[in-house]
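Following: one structure in structure tokens, then a few remarks.
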Amino acid sequence: MSENKRVPEQELALTDELIADYLLDNPEFFNRAPHVLTALRLADPHRGTISLVERQQQQLRQKVQSLEEEITQLMSVANHNERLFMLYSDLYLRLIDCDSAAELLDCLHRATTELLSLSQLKLWLTGEFSLDHASLSQNDCGGILQNRLAEEDYYFGRLQQSEQQLIFSGPTLGSVVLIKLSHEQQTLGFLAISSDDAEHFDPRMDTLLLGQFRKLVAKLLLQQLQQD
């Protein structure tokens, strides 16, 4: 038998793929048989059976609803980012007006715990400076700096209990961000800020605002420490 012998149409097995390909290749089919559109009934988990037109309307409504939810979410994120931008802008002005390292830490503590509703703020310094403040971590955190911030400027997430004890002198239930402070290739130490929310500080967080914050705090802190 020749391999090119045509198979009779009645012997072709109809499959979903063949039907779909035919309808896609012949969009005029429904123009020739408009009664098929109204006669088709599709199973629906909520309404029993519906027509093809009703299914299309249903899909359009779902698509519109999905787009509306996406727009609402984007607007919410934009409003949140605008609020953060205003908070950071106000904080920068307050930090610039500080006359000492202690006053600068007071300002940072108020901003993080009151304005941003975060839990704790701690500063660890690599060198010895004449600074006495409740936000200053007195334990040796050099290992944390090396392990968490040797290659990165930030660490987001959870800390080991031993690390929590060294930085905060006690356990932290939520999440933490560590921010390396360096100015002109001199590493001063790091800021540690904790949140009671375990998901608040996430590794996927955007660092644009934090980057500006980190540079300004490091520069102002070094200036104040050298003057004190």
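Mapping of the sequence shown onto the numbering used here: position 27 corresponds to residue 90, and the numbering continues sequentially without gaps. Every residue, glycine too, gets a C-beta built ideally from N, C-alpha and C. Predicted, not measured: the structure shown is a model, and the values here were computed from it.
Quiz prompt | Contact set for residue 112: own chain, Cβ-Cβ below 7 Å, skip 5 residues either direction | solution = 104, 105, 106
Quiz item: Could you give the residue range of the beta strand (DSSP E) that holds residue 106?
Solution: 104 to 107
Quiz item: What three-state label does DSSP hand residue 76 in the structure shown?
Solution: coil
Quiz item: In or out: residue 101 buried (at least 16 other Cβ within 10 Å) or exposed?
Solution: exposed
Quiz item: Cα-Cα, which of 150, 200, 267 is closest to residue 177?
Solution: 150
Self-check item: Where the beta strand (DSSP E) containing residue 139 begins and where it ends
Solution: Segment 115 to 159 is the alpha helix (DSSP H) holding residue 139; no beta strand (DSSP E) there.
Quiz prompt | Proximity of residue 139 and residue 257 at Cβ, strictly below 8 Å | solution = Taking 8 Å as the Cβ cut-off, residue 139 and residue 257 do not qualify as a contacting pair.
Practice problem: Starting from the C-beta of residue 128, find all residues in its chain whose C-beta is less than 8 Å away, skip the five residues before and the five after it, and write them out in chain order. | Solution: none
Quiz item: Is it true that the CB of residue 208 sits closer than 8 Å to the CB of residue 253?
Solution: Contact: yes.
Self-check item: alpha helix (DSSP H) segment containing residue 248, residue limits
Solution: Per DSSP, residue 248 belongs to no alpha helix (DSSP H) and is neither H nor E.
Quiz item: What are the residues that DSSP puts in a beta bridge with residue 255?
Solution: 185, 241
Quiz item: Helix or strand or just coil, what does DSSP make of residue 83?
Solution: helix
Quiz item: Excluding sequence positions up to five away, which residues of its chain have a Cβ less than 7 Å from the Cβ of residue 273?
Solution: 217, 242
Self-check item: Nearest candidate by alpha-carbon position, reference residue 192, set 77, 89, 80, 287
Solution: Nearest C-alpha to residue 192 among 77, 89, 80, 287: 287.
Quiz item: When the Cβ atoms of the segment 197 to 207 are set against those of the segment 223 to 230, are three or more pairs found closer than 8 Å?
Solution: At 8 Å Cβ cutoff, the stretches touch.
Exercise. Quick one: using the 10 Å Cβ neighbour count with 16 as the cut-off for buried, is residue 64 buried or exposed?
Key: Residue placement at residue 64 is poorly supported in this model, since its pLDDT is 42, which falls under 50; the coordinates still yield a value, given next. Its Cβ having fewer than 16 others within 10 Å, residue 64 is exposed.
Exercise. Could you work out which residue in 239, 194, 184 is closest to residue 211 when comparing CA atoms only?
Key: Out of 239, 194, 184, 239 has the C-alpha closest to the C-alpha of residue 211.
Quiz item: Taking the alpha carbon of residue 180 as the point to measure from, which residue in 250, 168, 260 has its own alpha carbon closest?
Solution: 260
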